[in-house]
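Some notes on the structure that comes next.
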């Protein structure tokens, strides 16, 4: 927040993405200048964040400090409505305003691997934003077809069973806006694909405005 204040950016209510440990600052339209730092994002006109749909029970965005109208926006549907109002306001720059698009429902897809012989968290190896149920389950199908020749017999059987039978059930669940998981085990590795419905909110184009001078004073941390 201190860095945003140094740049002269008015900071509104702060959103906390607990799952990814990110902070989102709502700012008046035209003030964010598409400026952001690692784990910190200023939401101005045209920005976007991924929101879970109503009924989602996983990680959610929460107000770090409740806005004046109360914590009701913590509910995904109310939060989506509130952010839509903030991010859809006209920008003073005509080129940026032309880039605005309405929020769109879709699916956030991820592929995780986990070593079953070692203690440690699963590793995210791929992610994909799909805008329809067929596009989402096709992403999993293409991945399974690609890796199936390298799988052991049990894992290969699991893969083809899903492609012939399980994919139909997955498609039906996605059309009902339900989250889905596809998993198989190859040797000591578990591979899991997750698909969950989300609302994609549009945000300001990175090149839509000139960055404040102080943005160039912050250098990425050294690897040493």
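Residue numbers (the UniProt record's numbering): 1 to 224.
For every residue, glycine included, the Cβ atom is placed at its ideal position computed from N, Cα and C.
In this text, all values refer to a predicted model and were calculated from it rather than measured experimentally.
Endpoints, alpha helix (DSSP H) assigned at residue i
i           : result
residue 144 : 133 to 147
residue 154 : 153 to 161
residue 167 : 167 to 175
For residue j and residue i, the rounded distance between their alpha carbons
i           : j           : result
residue 156 : residue 107 : 26 Å
residue 70  : residue 135 : Any reading at residue 70 needs caution, since the residue's pLDDT is 47, under 50, leaving its predicted position unreliable; the model's value is listed next. When rounded, the distance between both Cα atoms is 37 Å.
residue 165 : residue 183 : 14 Å
residue 201 : residue 153 : 42 Å
residue 167 : residue 137 : 7 Å
residue 103 : residue 197 : 13 Å
residue 179 : residue 122 : 19 Å
Short CB-CB distance (under 8 Å) between residue i and chain D
i           : result
residue 104 : Looking at the structure shown, chain D is missing, and only one protein chain is on hand.
Residue i versus the options, residue with shortest Cα-Cα distance
i           : options               : result
residue 146 : 104, 160 and 113      : 160
residue 112 : 191, 199, 200 and 148 : 191
residue 120 : 189, 141, 195 and 133 : 189
residue 195 : 115, 151, 128 and 143 : 128
residue 110 : 140, 176, 169 and 131 : 140
residue 173 : 149, 132 and 144      : 132
Coarse secondary structure for residue i, derived from DSSP in three states
i           : result
residue 126 : strand
Limits of the beta strand (DSSP E) - the one that residue i falls within
i           : result
residue 110 : 104 to 115
residue 183 : 180 to 186
residue 121 : Looking at the DSSP string, residue 121 is not in any beta strand (DSSP E), and its letter there is neither H nor E.
Residue i CB to nearest heavy atom of the ligand ATP below 7 Å
i           : result
residue 177 : Only the bare structure without any ligand can be found here, which leaves the ligand ATP out of the picture.
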